[in-house]
């Protein structure tokens, strides 16, 4: 999570500004000056008294550069910023009600919309006409600003608003820099803002990238960020896929993320939790209009693993379908061409092969001759989740599951497994999935004590 202090409020302001300038395409320096002047104009707008913040889902309008004028009488410069919640309404089953503070460990989010007053007092001067004889290129693009500010709930509202104005101005400077660095003649790339959480809890780091530029072309910029924040160079932190997902925004693809985060850990003496790191999607039977009930559990476990690599920024490839998985096994020579379109099972070895072929990911295979031996594999699994943190696919007999972590005691050897079960056939109902044990903590008896098992432990590449 972003922050663990429940008194923290994240203010997020978003809005669209119109960038428009005349570029002298015959002179690089003059073209650069024109872009700079345009961004200076946008920053002046942000500092003007015309700037307005609309608190989303509320009647509250704030004028941050007018001594904090507000449409609500009780909101003044010294009002604690957390009081803004009482004016926000939320949808609840079709009805609207005032926002209430929920018991949560992550910070609450207040969304603001950036607006500009359209009527301004003129200086009385007559309009002038300028005739340009040089060849010009009119460059226009939407500039979408997106700034966040972490505040203590008791901070004065005026302090928060001033901080947001400063953040908007700094972001426009970063956007100007990104546009100039990636400019090619009269072609300007639209700047986009992304917010990234650092490994240790704290504020979000906002980074501006140009739209349409591949991650491979932004390597040098990420290297600078890693050095700036003292981050290791063996895993990505600043790829677009690593951007923070705000808790009030739904995922558009419909898959549940991290259902295990809603479980209560088991209580075992001298035990320690070793869990999957980062975000994954829960893939299970009957999703994507594919009836794979009875044969597709390993495919679904593999999809969950692929989603983890995608959402951690290690790959830009989409999660493979059953057909893509089968074709990959044909391409590597593991299966005959007739395998594509079939309902044949796959196991841990095939999962290893597909990860290597499609994502370039290597995997370790842990062989267990009997399910009863899994109880003694706590140290290996704990080490995997502590050092690597990827989901583990386990297959044995005709069943496959995903292991997301273990609770293990190095003293007693006791162990419980955090299992994500791909055999679930229902809808994306988090309560059903957690209450019925489709994602849950299981003891060693969960495994067939006499069956063999192969565990596929995907490894993470060293990359930023």
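Numbering (the UniProt record's numbering), first residue to last: 1 to 464.
Even glycine gets a Cβ: it sits at the ideal position worked out from N, Cα and C.
Given the structure is predicted, the values throughout are model-derived calculations rather than measurements.
Please determine, among the options, the residue with the shortest C-alpha to C-alpha distance to residue i.
i: residue 189; options: 309, 204 and 213; result: 213
i: residue 276; options: 258, 264 and 266; result: 258
i: residue 376; options: 414, 361, 31 and 166; result: 414
i: residue 108; options: 328, 439 and 10; result: 10
i: residue 322; options: 346, 89 and 407; result: 346
i: residue 389; options: 441, 403, 399 and 155; result: 403
i: residue 454; options: 462, 422 and 352; result: 352
i: residue 205; options: 411, 147, 340 and 302; result: 147
i: residue 419; options: 430, 411 and 394; result: 394
i: residue 58; options: 22, 23, 409 and 113; result: 113
i: residue 165; options: 342, 82 and 115; result: 115
i: residue 19; options: 110, 89, 88 and 141; result: 141
i: residue 13; options: 150, 183, 462 and 348; result: 150
i: residue 63; options: 74, 73, 50 and 342; result: 50
i: residue 255; options: 338, 300 and 35; result: 300
i: residue 410; options: 382, 426, 137 and 85; result: 382
i: residue 21; options: 232, 143 and 152; result: 143
i: residue 138; options: 362, 38, 268 and 360; result: 38
i: residue 311; options: 282, 339 and 287; result: 282
i: residue 371; options: 227, 225 and 443; result: 443
i: residue 241; options: 15, 17 and 464; result: 464
i: residue 89; options: 71, 77 and 110; result: 110
i: residue 65; options: 55, 44, 297 and 305; result: 44
i: residue 209; options: 118, 54, 439 and 192; result: 192
i: residue 284; options: 267, 270, 384 and 302; result: 302
i: residue 70; options: 53, 86 and 228; result: 53
Quick one: grab the DSSP three-state call for residue i.
i: residue 309; result: helix
i: residue 425; result: coil
i: residue 30; result: helix
i: residue 44; result: helix
i: residue 284; result: coil
i: residue 111; result: strand
i: residue 396; result: strand
i: residue 184; result: strand
i: residue 251; result: coil
i: residue 271; result: strand
i: residue 69; result: strand
i: residue 39; result: helix
i: residue 103; result: The pLDDT assigned to residue 103 is 39, lower than 50, so where the model puts this residue is not dependable; a value taken from the coordinates is nonetheless given after this. Note: residue 103 maps to coil in three-state DSSP.
i: residue 61; result: strand
i: residue 50; result: coil
i: residue 385; result: helix
i: residue 55; result: strand
i: residue 179; result: helix
i: residue 221; result: helix
Spell out the partners DSSP gives residue i in its beta bridges.
i: residue 196; result: 205
i: residue 191; result: 210
i: residue 441; result: 418
i: residue 146; result: 14
i: residue 8; result: 152
i: residue 401; result: 394
i: residue 365; result: 456
i: residue 257; result: 281
i: residue 409; result: 271
i: residue 80; result: 156
i: residue 19; result: 141
Please tell me whether, using a cut-off of 6 Å, the distance from the CB of residue i to the nearest non-hydrogen atom of the ligand COA is below it.
i: residue 118; result: With respect to small molecules bound, the structure shown includes none, and the ligand COA cannot be examined in it.
Q. Counting pairs of Cβ atoms below 8 Å between the segment 236–251 and the segment 347–356, do you hit three or more?
A. no
(Q) Quick test of the definition: if touching needs 3 or more C-beta pairs under 8 Å, does the segment 163–170 touch the segment 190–205? (A) no
Q) Curious, which full-length beta strand (DSSP E) runs of at least 3 residues does the segment 306–359 contain? A) none
Q: Determine, using beta-carbon pairs with one atom in the segment 364–376 and one in the segment 324–333, whether at least three such pairs fall under 8 Å.
A: no
Q) Is it true that the segment 146–161 meets the segment 70–83, where meeting means three or more beta-carbon pairs spaced less than 8 Å apart? A) yes
Q) When the Cβ atoms of the segment 258–267 are set against those of the segment 425–438, are three or more pairs found closer than 8 Å? A) yes
(Q) With a threshold of 8 Å, are at least 3 pairs of Cβ atoms found where one atom belongs to the segment 442–454 and the other to the segment 280–299? (A) no
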